[in-house]
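Residue numbers for the sequence shown, in numbering that gives the first Met the number 0: 0 to 131.
Built from N, CA and C at the ideal position, the CB exists for glycine as well.
From a predicted model like this one, the values you see are computed outputs, not experimental measurements.
Below you'll find the structure, written out as structure tokens, and then a few comments.
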Amino acid sequence: MSLKTLRTEIQRTADQLRSETTDRISLILIDVVDASEEGEESIPCVGYTCDFALAGKPRRLFFKGADPEPIANALFNHIYRIERAGRIRPVPVLMAAQAAPDDALTIEQPTEGIPTAEHVARLYDALGAVHD
């Protein structure tokens, strides 16, 4: 597939998504599947990775667990509220991983009793991305 064809397909998909939904896309999850002759079968993963810039520094994040959506949405919403760098909000892409990457910062689910908003605020501060 040529680069021009790929761009056309991406644009067509984006246009279709815009016309079919009224909600904004806040993140994209990509799962890995085994597409053999017997049929499509999900490959188990231990979490999802995402490369994202925090306070201008590129970081590799690893969201532990099978359902990263709640914590990932909360973290990226928090980051966007603080770092708003323009009118366009980046859409993080999380890719399924069969093992935790060595070079990634692991994002855990909040422990019981700690609200998600407080948990992501602490994570953001711990990542050294606090603005004065």
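Can you find the residues in the same chain that come closer than 6 angstroms, C-beta to C-beta, to residue i, ignoring five residues on each side of it along the sequence?
i     : result
Ala96 : Cys44, Gly46 and Thr48
Ile29 : Met94
Buried or exposed: residue i, going by 16 or more other Cβ atoms within 10 Å of its Cβ?
i      : result
Pro69  : exposed
Val32  : exposed
Ile78  : buried
Leu74  : buried
Val90  : exposed
Ile42  : exposed
Leu122 : buried
Ala71  : buried
Checking the sheet assignment: what are the DSSP bridge partners for residue i?
i     : result
Ser41 : Val32
Pro57 : Ala52
Val92 : Ile27
I need the boundaries of the beta strand (DSSP E) containing residue i, first residue and last residue.
i      : result
Ile106 : Leu104 to Ile106
Asp50  : Gly46 to Leu53
Starting from the Cα of residue i, find the closest Cα among the options and give me that residue.
i      : options                         : result
Gly64  : Met94, Gly55 and Pro89          : Met94
Arg83  : Leu2, Gly127, Ala52 and Ile113  : Ala52
Thr105 : Ala125, Gly112, Asp14 and Ala34 : Ala125
Just to confirm the assignment, what range does the alpha helix (DSSP H) spanning residue i have?
i      : result
Leu74  : Glu68 to Glu82
Ala125 : Thr115 to Ala125
Considering only residues of the same chain and omitting the five flanking positions on each side of residue i, which have a CB-CB separation below 8 angstroms?
i      : result
Pro100 : Thr48, Arg59 and Phe61
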